[in-house]
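Per this note's numbering, the sequence shown starts with residue 15, numbered consecutively.
Cβ atoms here follow ideal geometry from the backbone N, Cα and C, with glycine treated the same way.
Quick notes on the structure that follows.
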Amino acid sequence: MFKHKYYKGFKKENRIHLKYYIYIGIAGSLSLGFADSLFYKAAEINGLIFTSTITASTPLIQQLASVLILKEKFRKRFLIAVILIILG
Numbered sequence: 015m016f017k018h019k020y021y022k023g024f025k026k027e028n029r030i031h032l033k034y035y036i037y038i039g040i041a042g043s044l045s046l047g048f049a050d051s052l053f054y055k056a057a058e059i060n061g062l063i064f065t066s067t068i069t070a071s072t073p074l075i076q077q078l079a080s081v082l083i084l085k086e087k088f089r090k091r092f093l094i095a096v097i098l099i100i101l102g
């Protein structure tokens, strides 16, 4: 099933980072559940229309934050991509 070229298995020398992969998996699972809980609570408090609008505009907020905080270059293609994401 797994080709030897791409799959090394869990030999002793490959298990060094296994603990970190388990931590990442646990954190990812917990964060998904936590994010969904916060979304439902926000929808309950603010209403679904307002919460969905904020959620849909997340790419725009991320791009603005990357320009302002991380000092990335502003590119027109980012703006076009954000508009397409929000519309689509």
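Delimiting residues of the alpha helix (DSSP H) encompassing residue i
{"i": "L84", "result": "No alpha helix (DSSP H) holds L84; DSSP gives it neither H nor E."}
{"i": "G47", "result": "L32 to N60"}
{"i": "R91", "result": "K90 to L101"}
Proximity winner among the options, relative to residue i (alpha-carbon distances)
{"i": "Q77", "options": "T69, N60 and V96", "result": "V96"}
{"i": "A70", "options": "G102, G61, L52 and D50", "result": "G102"}
Supposed contact pair residue j and residue i - C-beta distance, whole angstroms, cut 8 Å
{"i": "A115", "j": "T65", "result": "Residue numbering for the chain in the displayed model covers 15 to 102; residue 115 lies beyond these limits and cannot be assessed."}
{"i": "I94", "j": "P73", "result": "The Cβ separation is near 12 Å, so there is no contact."}
Contacts around residue i, its chain only, beta-carbon distance under 6 Å, and the 5 residues preceding and following it disregarded
{"i": "F92", "result": "Q77"}
{"i": "F88", "result": "V81"}
Cutoff 8 Å; reference residue i; Cβ partners in own chain excluding five residues on either side
{"i": "Y37", "result": "none"}
Beta-carbon proximity list for residue i, same chain, < 7 Å, skipping 5 on both sides
{"i": "E86", "result": "S80"}
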